[in-house]
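Novice: Here it is, the structure, as structure tokens.
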């Protein structure tokens, strides 16, 4: 079967794309607004862009009413964010933070997630993560409008946090020590234990 995107609703197209673009890494993005209220939200349209300069991207979709989510609004306002890497140990907190709550509420508080000051940027990182990347906004692009409208955020990585438990004897990241999870279609996730070369 061939499908033309124009023949599907945004919801059906999203469901099709997220069912076949798998597994997707999850960016658990922390930001802060102009009043100091922290926001913490997961995004699975996320990946690295390149190492020179060190950059990553994620794509926050608009809310159901067509307005920008708090994450995007905060980044546009102050140009900084942190991508916390999601592992099995913090899955429950990450999933809980996906709830849509009023802008004046802090998802760190809602989920019982501890925050730690970042090294370079104003938004805090999640305390118990295996890794986190502090970013400054490189560019932002509105790709779509209305409900579910896509927005592309590209950040320059200005600092990387690595938990000591993720490192090998030479101080390099050991992928076997980071139990990342991936997003599958619908409400499903996958673990990354089975690996091969």
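In this note's numbering, the protein residues as written are 15 to 211.
Where a beta carbon is used, it is the ideal one built from N, C-alpha and C, also for glycine.
(1) For residue 191, count neighbouring C-beta atoms within 10 Å of its own C-beta (all shown protein chains included) and say buried if the count is 16 or more, exposed if not.
(2) What number of angstroms, rounded off, separates the C-alpha of residue 69 from the C-alpha of residue 24?
(3) What is the DSSP secondary structure of residue 75, reduced to helix, strand or coil?
(4) With a threshold of 16 other CB atoms inside 10 Å of the CB of residue 57, please say whether the residue is buried or exposed.
(5) Alpha carbon to alpha carbon, how far is residue 82 from residue 162?
(6) How is residue 206 classed by DSSP in three states: helix, strand or coil?
(7) How would you write the range of the alpha helix (DSSP H) that residue 90 sits in, first residue to last?
(8) Of all the options 153, 183, 136 and 111, which has the alpha carbon lying nearest to the alpha carbon of residue 124?
(9) Just to confirm, is the Cβ distance from residue 90 to residue 60 under 8 Å?
(10) Please confirm if the region 140–154 is in contact with the region 166–178, defined as three or more CB-CB distances below 8 Å between the two stretches.
(11) Within a Cβ cutoff of 8 Å, which residues of the same chain sit near residue 133, ignoring the five residues on either side of it in sequence?
Specialist: To lay it out plainly:
(1) exposed
(2) 28 Å
(3) coil
(4) buried
(5) 10 Å
(6) coil
(7) 84–92
(8) 111
(9) no
(10) yes
(11) 148, 173 and 175
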